[in-house]
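Below is one structure, written out as structure tokens; the observations come after it.
There are 2 protein chains.
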Amino acid sequence: MITVLLIGKGNVATHLYNAFLKAEAINILQISSRNLSKIPKADITIIAVSDDVIAEVSSKIKNNFVVHTSGSVRLNDLKNKYNKGVFYMLQTFSIDKEIDFSEIPFCLEAENEKDYNLLKTLALSIGQKVYSISSKQRKTIHVAAVFVNNFTNHLYKIGNDICKQNNVPFEILLPLIKETSLKIEQLDPKNAQTGPAIRKDQKTINNHLNLLNDDQQEIYKILTKSIQNGN
Amino acid sequence: MITVLLIGKGNVATHLYNAFLKAEAINILQISSRNLSKIPKADITIIAVSDDVIAEVSSKIKNNFVVHTSGSVRLNDLKNKYNKGVFYMLQTFSIDKEIDFSEIPFCLEAENEKDYNLLKTLALSIGQKVYSISSKQRKTIHVAAVFVNNFTNHLYKIGNDICKQNNVPFEILLPLIKETSLKIEQLDPKNAQTGPAIRKDQKTINNHLNLLNDDQQEIYKILTKSIQNGN
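Chains as they are written, first to last, in UniProt numbering: chain A, 1 to 231; chain B, 1 to 231.
Have a look at this one:
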């Protein structure tokens, strides 16, 4: 039996709490980060709070092994006295959408093998995909995630705008969006590329630019150039 | 029974031919675009060839009703004598990947209601999603598709590059990519946006820029600016 103390009441903390409740080998306690006067003992203390208060919250914890759940905060930014670690789940969490933890990559980091194995056991009690990821690697994963999640979502938003401006329902693009995202499970994205940029079809590119506003044109040109440069 | 003549032997033509073969109400014939000396009669003649030869191929056809399958060619670029139309399927076709036609949006255009209804019956014989789309709308759908398909795929490629450079397996990003693409089936992409750009978290943005090469930085900055401007 692993005793886990979860600090935080936000999005990630709530999803984690519900998952640990169902795990038989886990004894889960949860407290708010605003109430740190009497902190219960636990084998693992998970701080699931905003990045900018992780250092402060961690400095008040005297438990043995303290981890945070952030993609962009270093292990050494934890200010607790004893052992430190990271329990980062690489996924986008929405409060009202159920999470399938078996699909989520757990990016784990610890200062020694014993702690790492404990984190691994914890992750496998609710999930299936475990990766050993250093603070440096995690930082770059976080940037890569901005490209494939936030920036990709912005391209969906531009597609939506273009549809709206021409009285076309956005749903018409959804099967293409889905296929594009599934294709790279089988193909390297570089080899999956199609379209006017990679074909250097300047006639179609010019036609497209004529249909776009200034902001859309700027993005269209830069991404076309980057595709053509193979960057 | 609708008799369909399919001209072309490429990717789209091959997938279409196999689908029509299974449709009971369709009598399908297929010929190569290089062999137009003796063209069989048909209720609908579908030209599924490269954009730049559609005009030439169509000029040689004397059948009643001729359509093309292109996203970026106008109805009036067909040069056959009689009725014209468009039978555009909004999807990315790979030769060795099976296509689920029930998922594909059929974007149809014709010069009169009778022809349109014939195209609709044809589309529904192999698919389920039918849209009436003008040449002008189809042009803009094609641009939107470049954003959500080609450009999105390029962001996946950059994510892949960043992972490779840091010895992280790209598969770690696949669940996030999948969730990002599925989220917008329920949420407007504008409302689905998260991350440092929309939060105006300049500290994280600066950290990210320090990890990127020049080309990646340029794309990061422009997309961040566009997200922040709400464009």
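Glycine included, C-beta positions come from ideal geometry on N, C-alpha and C.
Checklist entry - Who are the Cβ neighbours of phenylalanine 170 of chain A in its own chain at under 8 Å, not counting the five residues just before and after it? => result Within the same chain, Cβ atoms closer than 8 Å to the Cβ of phenylalanine 170 of chain A are found at Gly159, Asn160, Cys163, Lys164, the five residues on either side in sequence being excluded.
Item to check | Contact set for leucine 108 of chain B: own chain, Cβ-Cβ below 8 Å, skip 5 residues either direction | outcome: Here the set comprises Gly85, Val86, Phe87, Tyr88, Tyr116, Leu119, Lys120, Ala123, Val130, Tyr131, Ser132, Ile133.
Checklist entry - For isoleucine 61 of chain A, which residues from the same chain have a beta carbon less than 7 Å from its beta carbon, with the 5 sequence-adjacent residues on both sides left out? => result Annotation for isoleucine 61 of chain A: Ile39, Thr45, Asn80 place their beta carbon closer than 7 Å to its own, counting only its chain and skipping 5 residues before and after.
Next on the checklist: Report the CB separation of valine 148 of chain B from threonine 180 of chain A in whole angstroms; it is logged as a contact under 8 Å.
Outcome noted: With a beta-carbon spacing of about 7 Å, valine 148 of chain B and threonine 180 of chain A fall inside the 8 Å limit used to define contacts.
Item to check | Partners in chain A for asparagine 76 of chain B, counting only beta-carbon separations shorter than 9 Å | outcome: In chain order: nothing, as chain A lies at least about 15 Å away.
Next on the checklist: Run through chain B and tell me which residues come within less than 7 Å of phenylalanine 151 of chain A, C-beta to C-beta.
Outcome noted: Simply Leu155, Leu223.
Item to check | Pick from A:Glu218, A:Ala55, A:Ile177, A:Ala23 that is closest to lysine 183 of chain B, judged by C-alpha positions | outcome: When each option's Cα is compared against that of lysine 183 of chain B, the closest is A:Ile177.
Checklist entry - For glutamate 113 of chain A and chain B, any beta-carbon pair shorter than 7 Å? => result It does not: the Cβ of glutamate 113 of chain A has no partner Cβ on chain B nearer than 7 Å.
Checklist entry - Comparing alpha-carbon positions, which option in A:Asn112, A:Ala110, A:Asp100 lies nearest isoleucine 126 of chain A? => result Nearest option by C-alpha distance: A:Asp100.
Next on the checklist: Spatial neighbours of tyrosine 17 of chain B within its chain, please: C-beta separation below 6 Å, excluding the five flanking residues on both sides.
Outcome noted: The answer, listed in chain order, is Leu6, Gln30.
Checklist entry - Could you give the residue range of the beta strand (DSSP E) that holds glycine 85 of chain B? => result Where glycine 85 of chain B is concerned, the enclosing beta strand (DSSP E) starts and stops at 83 to 89.
Checklist entry - On the three-state DSSP scale, how would you describe asparagine 213 of chain B? => result Here DSSP, grouped into helix, strand and coil, assigns asparagine 213 of chain B to coil.
Item to check | Exposure of alanine 110 of chain A, with buried meaning 16 or more beta-carbon neighbours within 10 Å | outcome: Taking all protein chains in view, the Cβ of alanine 110 of chain A is crowded by 16 or more other Cβ atoms within 10 Å, so the residue is classified as buried.
Item to check | Straight-line Cα distance separating asparagine 153 of chain B from alanine 192 of chain A | outcome: Whole-angstrom Cα-Cα distance: 8 Å.
Checklist entry - For proline 196 of chain A, which residues from the same chain have a beta carbon less than 6 Å from its beta carbon, with the 5 sequence-adjacent residues on both sides left out? => result Excluding residues within five positions, the ones whose Cβ falls inside 6 Å are Thr204, Ile205.
Checklist entry - Alpha carbon to alpha carbon, what distance is there between lysine 9 of chain A and alanine 19 of chain A? => result When rounded, the distance between both Cα atoms is 14 Å.
Checklist entry - Three or more beta-carbon pairs under 8 Å between the segment 216 to 229 of chain A and the segment 64 to 72 of chain B, yes or no? => result Contact between the segment 216 to 229 of chain A and the segment 64 to 72 of chain B is absent, because fewer than three Cβ pairs lie under 8 Å.
Checklist entry - So valine 49 of chain B is in the beta strand (DSSP E); what residue range does that whole segment cover? => result Counting along the chain, valine 49 of chain B sits inside no beta strand (DSSP E), nor does DSSP assign it H or E at all.
Item to check | asparagine 35 of chain B, buried or exposed, once every other Cβ within 10 Å from all chains shown has been counted against 16 | outcome: Burial check for asparagine 35 of chain B: the Cβ neighbour count within 10 Å stays below 16, so the residue is exposed.
Item to check | Nonlocal neighbours in the same chain, by C-beta distance under 8 Å from valine 12 of chain B, ignoring five residues either side | outcome: Short of 8 Å from the beta carbon of valine 12 of chain B, and not among the five residues preceding or following it, lie these beta carbons of its own chain, in chain order: Ala48, Thr69, Met89, Phe93.
Checklist entry - Going by DSSP, which residues form a beta bridge with glutamine 30 of chain B? => result According to DSSP, residue pairing for glutamine 30 of chain B in a beta bridge involves B:Leu6.
Checklist entry - In the DSSP assignment, what residue or residues form a beta bridge with valine 110 of chain A? => result At residue 110 of chain A the sequence reads alanine, which differs from the valine that was named. Partner residues in the beta bridge of alanine 110 of chain A, as assigned by DSSP, are A:Gly85.
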